[in-house]
Every structure is written in structure tokens, then in C-alpha cells.
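Protein chains in written order, with my numbering: chain V, 1 to 421; chain H, 1 to 421.
Take a look at the structure set out below.
Protein chains: 2
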Amino acid sequence: MALFVQKYGGSSVADAECMRRVARRIRDTQKAGNRVVVVVSAMGDTTDDLIALAKQVNPYPDEREMDMLLATGEMASSAVLTMALQAQGVKAISVTGRQAGIHVDSTHLKAKIEQIDPERIKRHLAQGYVVVVAGFQGINRDNDVATLGRGGSDTTAVALAAALKADRCQVLKDVEGVFTANPRVVPGARKMDEITYDEMLELASSGAEVLQSRAVEFAKKYGVVLEVLSSFVVKPGTLVREEVEEMESVIIRGIAADKNQAKVTLRAVPDKPGVAAGIFKALAAANLNIDMIVQNMSEDGRTDLSFTLPADDLHKAQAVLEPIMKKAKAADVHFDTGIAKVSIVGVGMKSHSGVAFKMFDILAANKINIEMISTSEIKISVVIRAADADRAVRALHDTFGLSRKPKAKAAAKKAPAKKRG
Amino acid sequence: MALFVQKYGGSSVADAECMRRVARRIRDTQKAGNRVVVVVSAMGDTTDDLIALAKQVNPYPDEREMDMLLATGEMASSAVLTMALQAQGVKAISVTGRQAGIHVDSTHLKAKIEQIDPERIKRHLAQGYVVVVAGFQGINRDNDVATLGRGGSDTTAVALAAALKADRCQVLKDVEGVFTANPRVVPGARKMDEITYDEMLELASSGAEVLQSRAVEFAKKYGVVLEVLSSFVVKPGTLVREEVEEMESVIIRGIAADKNQAKVTLRAVPDKPGVAAGIFKALAAANLNIDMIVQNMSEDGRTDLSFTLPADDLHKAQAVLEPIMKKAKAADVHFDTGIAKVSIVGVGMKSHSGVAFKMFDILAANKINIEMISTSEIKISVVIRAADADRAVRALHDTFGLSRKPKAKAAAKKAPAKKRG
């Protein structure tokens, strides 16, 4: 008897009708001979509505209280989904993050899971229940509820799958899986059958919104086989798993664009040891997530320094940078929100050269100017004008031939294939 | 430094503006030199909305899951009110029923408080916090949340006041206190300055909706001084307290009418020992709350039996009675929803005779027919036609002179006054 952890997002449980549909899906999974643990997000826009309510009474709501407020969304949806399951004749019970034994650190609004004691879930599974867990939340050492941050329910699901040694963690969404590019931008975008953890991580951190990086990291760390699939249609989705050798035959797995980035340029910064370090130390201390960094050639002992960060963090960055710039006697700071980051990702890059060249060539042929470049072993990212982003993604998708389904290699050429997750 | 427990109902915290107003009220109470524990209900119609949502997915929702769902309403409002307090510069923290140490029995939807461990609240009070407690809920032995039933937040407040040995438990409402009669029916109805626990209990069980009987019972049991007052206007409300001798100078304290009663008449029931007992045993087993009972004189070994119960329970009573009536070969059952129960309440009745006679006389003078009568030491209730109820209340209020403020007696005549709560 296999054990499945299924995670349903907010749009899958937005109203009573959605709840009934999800309940039937879970019932069918159980009837097929599986034990099922369900992780559920808050219904529809509940979380956003609660945030808006909080801001009405307090423009800077306390993080502990915000967690107390937000966690109620998932508690409520877990109870309602359980009622819907019971209406389908399924023996079901809801549990909060606390009851699920999810212990987190003491950071509010973006708590990290420290430990899971899934005894209560195991007991209910042994009693024949479908266990419906309120996602996105855990309990900290102060005995307070804390939430895991945006997309936290994915992390709840993967962490529970790891703790319960589940056979698979299914993330059910309003998309059919992970696509080679955003189908709204690229009509020929194709659903992948499989993708490695590392590729998924690179895509997630490059603007693909299908899975949270943290959930994928967790899955990789504990070898949880993840599947992203449709909550509307019953058909296989995309498996996220350990790399197996045949996956390397694919050079580019997918393309992502992130338009929520901004570029900050510090002009005429003194080019002395420690100046750049001081700037990035201050930005890190303010919890700002700096992505790409470029430093120009020095002129007259001064240099320009550019970096990207999420556009939402711009005002925070500004507050950090102003005193530093004054102290460093830098000329000025320039903020640019008109950029996009376009990334191509694939484990096959490791064994193929010339991929970066091909990417730049395609962009040049389309008269798209590259402002910044960064690369990892399996990813190449460029910063371009936001207005060029969709065109760039379509051109790359087309020229790298991502619409075609990759063929499985007939014979392994290199090291023996790793065991499948 | 006095300790106040303040309870705010759903209509007092219905939206952000209400929350801000309540927060200012609490801030002022604290600034006046008091420690404050706040108990809060769910915002506005939240509880009804959640019940409606549950019924959409399951016409017969599981009680445990219903509790899980409903308890989120108070958790959310406690967090929002805490944020509103913080916006007013008040050091505040919210706690759930669980964190407040409220332990309940294992009945869902109408759990009873078994024990309170207020250690966490005491700790936060010592740290200078206003502690905002999610009302209406506790934690049972299965580690599950359970709710206390309608009006349960009043009970939470009184129980916490008892456990914390608070100086006063204030129930803040959209009325200014307890009135001698419903001001919507009797224009001359007067807000009382004080009322005894027993009188309040009788009024509460007679249709006055200002306080839940259970909360008053709790207050009486633990000697908690209760005050019902307006959440809108800052002025003294009505004190509910132990009887002190001068209170006995008031013969009739208040008048209540309950139009949500129904009368059931069983015709031609065999007048044999055990038959009536069997009927009421069956009704009690079905958790039906029977109020007044009248048995007519027997004729030909058969009798008519009438009783009243909440009109909402009629269909339940019907299901219980039908098989019994068949078995007892009773002629038929008659249901009458066109009745009202009108009650006059006052501890002074104990030492004054002729009150019942006066009541019947007033009703007769107004051509109002009495169908049933029941009395206790401090209450006389009559069942009349619902259409006559408002007229009856006005006539009684007028003739018993309830619009006039009672004078405190100059000298005690009987036993020495009990210590004031």
C-alpha cells in the first residue's frame, strides 16, 4: 500500500465546488489502494484578504500576530476539505501544523522547519483516515504558531513526505506540470515528463513560479520524489527527481523569465579593498537577496557597481545604501526597474560547450542587448530590457528546439545511471 | 492595580474601524491604571459565514471539524485586535484558547470548561502586556480544539476572571446594560444599576438575550462581579453580583418575553403511572430542553399533557414523540408555535405575597388569556398568545412601576447584608 502526500493550493480549494472536486480526487486516490496525507493551502485569496485586513488596523503589523492571523486560513480550509471528504464517504480528519508535529524555528513569517514528529499522523493513517494537514505553518519553541512564507504549503508537503517516508509527494496545481517555458508567453511550450532537482531549483530561482525553491531543496535533501500535476485533469505531470544519466541528453531543459527584478547601479564608488564588501555586508544584514553583481573596470580609482534584487526590496535597499554611499563619497545611486532576467537551465550544459555562445548569438540576432550575465554549472542568466523579455524567451525556446520531446538515449555513454528516486 | 477582564462581542469588532475603537477603549482602561485581559469574539458574522460554508460542502458537518473551523474566527479576531492595540502604542499579545490554558471536556460544539491554567496569561500580564484571548474555545484531552457553544465567549471571560481572580469582568455590548424590559418593546424601559445573579439567570432563561445563562452561573459559582456595559459609550453599565439586602426592596427587577417557544400538547394520554415519565425521559435523552409542563385533570383514564420547548427543537421533538404516542395509543399530538412566554423576575418576590395575583389581574384587565403558568421563588412565567406578548410586557412594566428608579432602603430589616462580591 503506497503512501501519497498530496498538496492542493489555494486556487484548487477556492470555494465549495472546488472543495468537492478535490475531495473526489482524493477519494479516488485512496480507492486506488493508497494511503493519503493531504496538505492544503488557504482557500482562494484568503491569505491576501487577511493581510489587507491587518494593514487596515496597523500599517506595520507585528509578525507574531500576523502569523497567528494567517495560520487561521489553512486551519479553516483543512477543516472544510475534511468535511467535503466525509460527505464523499471518506474517513478523514484534519490536523493543524501543531498537531502534525511540525516544529519550526522562531523566525516569524518565514519560519524554517526544524523537526517533524509525525506520530499523530501515523496513528490516524493506521486507523484508516485520510489526514488533512493545514499547510504553511508550524509551532515554535514559544508554543506560538509561525508560518513558512510564501509557498510554504509546498514545503510542508515535502517535509511531511520525507518524515513519513512517502512514496511520492504530489503537488496539484492549476497547471499540468512544469513547462519548458511559460505557456502564456510561448505557445509551443511543452510539459516536461521529468526534471532534476537542480534544474528545478535553477528554474524556481529564475522566475518560474511552479514550485518554491525551498520545497525543492527539501525534496533533494531527503530524496523525495516530487510530482507537479493538474488538480483538474487526471494525467501524469512532471516528475522532479534525482538526476539519472539519460536526463543529460537534454542540453536545455527549460527557460524562465523574471520581470520582478530591479537593477541598482552605484556610480563612482572608490575602488579600494573593502568598499564593495562593506556594501554587500550591509545589504545582507538587511536580509536583502542580491542576485547578480557586475563591477565595471576602474577609472581614476573609482568604479561602477551594479547588482540586481527583487523589485519589492528596492525601498529597503535604498534605506541601506544612502548612508553608505554618503560615507563612501560615491557619486550617486541609480535604480532601474525596467529590466528582466532571462535564464536557460539544463544539466546537459555540463557536458556541452558553446551553449552560452549560442544563447548570446540568438539574442544578438534578435537585436536584444545584454546588460548583465551570470552563469552556474547548469544555468545561464542574462539581464535585458523587460520589454524584450517575452521576445527573448520565444526566440530561445524556438532555436534551442524545446518544443520537441527529447528522445531517451538508447545506451548510456558515461557513468552508470544513478538509482531512480 | 486592578485587573479587568473585558469581553467584546462580534458586533463590537465587526470591521477595522470597530477594532480601532475597541483598541482605544482598552488603551484607556489600561492608562487608567489597570491590567487588562481581553476576550474577543469572531468579527461580525464570521461564525455564521463559516457555518454556511461548512453546510455547502457537507449538510451534516462533523462536529470536531466544525469546531476546528469555527475556532479560527476568534483566533483571527484576537490577532487583529492585538495589531490594532499595537497601533495605539499598547504592548499587547494574542493567545488562543489553548495558549490561555482553557481545558474543556470532549463534547464538541458545546464543550464545558473543566479547568484553566492561566500561567501564560499571568506571565504576559507581569511583563506589562494587554493579553487578548480568543474566546469561545478550549482544548480537550485529545489535544483538539472545541468550542463552547453560542455565547461561549462570555463564558470564557467569566471563567478567566475567576481563574485570574480579576476585580471585575466587563461584558461590553451594543446595549448600555441590562434593562427592565426590552427597550424596543417598552419605551420607558430603564437600565438597571444592579441585579443579582439569580435574577439575571431567570431573565436569561426567560428570553433576555443580554447574557448567556452559563456565563452567569459561572460568575455566581466563583463570585465574579460582572458588569454589562456599552462598548460605544463610556458610562457605568449594570452590575451583576451577589444579592445584598437592599436589593430585596425591589419586588420586580425586570420583565422578559420569549417568543421562540412552542407548545406541544399530547391529547388523551393514558393516565397511568410511568407514562408521562417515559415521555419526558425520551425527550431528555434527545437533549430536548423542556421548560413548562401542565397536565390536565384526568377524564376516562386519559389526560392531556402540555409542555413548552424552544421552537427550533420542534422537529426533533416530533421525531421522538411519534413512536411513543403510537405505543401509548394517545389520540394525537398538537404543535403550537403561536405562543410566547412572559416572565417577571425579582428577588423581592420572596418576601412579598400577592405578586402572582397582581400579574394575573393586570393581564386579565388587558383581556390577555393565560394558557400556562409556572413559578419559581423569584420568577413567575405565563404562556400567552405571541400576538399579545408586547402588550402584556408594556402593561406589566407600567403597572409594576419599573420605569421608576428604586430607592435604596435606609435601614436593613432582616439578616445582615452579605459581603459584596
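Glycine included, C-beta positions come from ideal geometry on N, C-alpha and C.
Requested in this report: Have a look at H/L239, H/E74, H/Q170 and H/M19 and flag the residue whose alpha-carbon is nearest the alpha-carbon of H/L3.
Outcome: H/Q170
Query raised in the report: Which residue spans inside the region 90 to 166 of chain V form an unbroken alpha helix (DSSP H) run of at least 4?
Result: 119 to 126 and 152 to 163
Query raised in the report: So who's on the other strand from H/T303, going by DSSP bridges?
Result: H/V269
**Report entry** Chain-ordered chain A contacts of V/L53 [CB-CB under 8 Å]
**Finding:** Although the question refers to chain A, the structure presented lacks it and instead comprises the protein chains V and H.
Query raised in the report: Given that H/L69 touches chain V, what residues does it touch there, using C-beta distances under 7 Å?
Result: A76, A79 and V80
Query raised in the report: How is H/L288 classed by DSSP in three states: helix, strand or coil?
Result: coil
Query raised in the report: Pairing CB atoms from the region 168 to 182 of chain H with CB atoms from the region 11 to 25 of chain H, are three or more of them under 8 Å?
Result: The way I'd put it, the region 168 to 182 of chain H does touch the region 11 to 25 of chain H; three or more beta-carbon pairs between them come closer than 8 Å.
Query raised in the report: Going by DSSP, which residues form a beta bridge with V/G254?
Result: V/V345
Requested in this report: With a 10 Å radius around its C-beta and 16 neighbouring C-beta atoms as the bar for buried, classify V/N58 as buried or exposed.
Outcome: buried
Query - Proximity to V/M359 [Cα-Cα], best of V/I373, V/A52, V/H124 and V/A284 - result: V/I373
Query - CA-to-CA distance, V/V234 to H/E114, given in whole angstroms - result: 48 Å
Query raised in the report: In this structure, does DSSP put H/D193 in helix, strand or coil?
Result: In the structure shown, H/D193 falls within a coil segment according to DSSP collapsed to helix, strand and coil.
Report task. Could you check the C-alpha separation between H/A412 and H/Q318 for me, to the nearest Å? Result -> Note that H/A412 scores 42 on pLDDT, short of 50, meaning its location in the model is unreliable; the coordinates nonetheless yield the value given after this. Rounded to whole angstroms, H/A412 to H/Q318 spans 52 Å at the Cα level.
Query raised in the report: Got a sec: which bits of the region 9 to 43 of chain H sit with their beta carbon under 7 Å from any beta carbon on chain V, in order along the chain?
Result: Residues of the region 9 to 43 of chain H whose Cβ lies closer than 7 Å to any Cβ of chain V, in chain order: A16, M19 and R20.
Requested in this report: Could you tell me the distance, in whole angstroms, from the CA atom of V/V178 to the CA atom of V/R394?
Outcome: 17 Å
Query raised in the report: Short check: CB of V/R150 to CB of V/H108, under 7 Å?
Result: Not closer than 7 Å, so no.
Query raised in the report: What is the rounded straight-line gap between the Cα of V/M192 and the Cα of V/G237?
Result: 8 Å
Query - Entirely enclosed alpha helix (DSSP H) segments - the region 4 to 85 of chain H, minimum 4 residues - result: Within the region 4 to 85 of chain H, the complete alpha helix (DSSP H) segments at least 4 residues long are 16 to 31 and 46 to 57, listed from N- to C-terminus.
Query raised in the report: Would DSSP call H/E371 helix, strand or coil?
Result: coil
**Report entry** First through last residue of the alpha helix (DSSP H) which encompasses V/Q170
**Finding:** Element bounds for V/Q170: not the alpha helix (DSSP H) but the beta strand (DSSP E), R168 to K173.
Query raised in the report: Would a C-beta distance cut-off of 7 Å place H/V39 and H/A157 closer than the cut-off?
Result: Yes, Cβ-Cβ distance for H/V39 and H/A157 is below 7 Å.
**Report entry** Boundaries of the alpha helix (DSSP H) in which H/T337 is found, first to last residue
**Finding:** First-last for H/T337: undefined, no H or E at that position.
Report task. Report yes or no: is there a C-beta of chain V within less than 7 Å of the C-beta of H/E65? Result -> Judged by the 7 Å Cβ criterion, H/E65 is in contact with chain V.
Report task. Return the residues of the region 291 to 311 of chain H that lie within a Cβ-Cβ distance of less than 7 Å from chain V, sorted by chain order. Result -> none
Query raised in the report: Which residues bound the beta strand (DSSP E) around H/S213?
Result: Looking at the DSSP string, H/S213 is not in any beta strand (DSSP E); the run it does join, the alpha helix (DSSP H), is S213 to Y222.
**Report entry** Coil, strand or helix - V/Q261 by DSSP
**Finding:** strand
**Report entry** Range of the contiguous beta strand (DSSP E) that encloses V/K379
**Finding:** Its beta strand (DSSP E) spans residues K379 to R385.
Requested in this report: Kindly indicate the opening and closing residues of the alpha helix (DSSP H) around V/V320.
Outcome: L314 to A328
Query - chain H contact residues for V/M372, given Cβ-Cβ distances below 8 Å - result: Those within 8 Å of V/M372 in chain H number zero; the least Cβ separation is about 40 Å.
Query raised in the report: Grouping DSSP H, G and I as helix and E and B as strand, with all else coil, what is V/L229?
Result: strand
Requested in this report: Under the assumption that H/K341 contacts H/G207 (Cβ atoms under 8 Å), give the Cβ distance between them as a whole number of angstroms.
Outcome: 7 Å
Query - Where V/S353 falls: helix, strand or coil (DSSP) - result: Coil, per DSSP.
Query raised in the report: In chain V, which residues lie with their C-beta within 7 Å of the C-beta of H/T72?
Result: Going along chain V in sequence order, the residues near H/T72 (Cβ under 7 Å) are T72, M75 and A76.
Report task. Reducing DSSP to helix, strand and coil, say where H/F400 ends up. Result -> In the structure shown, H/F400 adopts coil according to DSSP, grouped into three states.
**Report entry** 7 Å Cβ cutoff met for H/H332 and H/T308
**Finding:** Here the sequence assigns Asp to residue 332 of chain H, which means His is not the residue at that position. No.
Requested in this report: Answer yes or no: do V/A79 and V/S94 have a C-beta to C-beta separation smaller than 7 Å?
Outcome: Cβ atoms of V/A79 and V/S94: closer than 7 Å.
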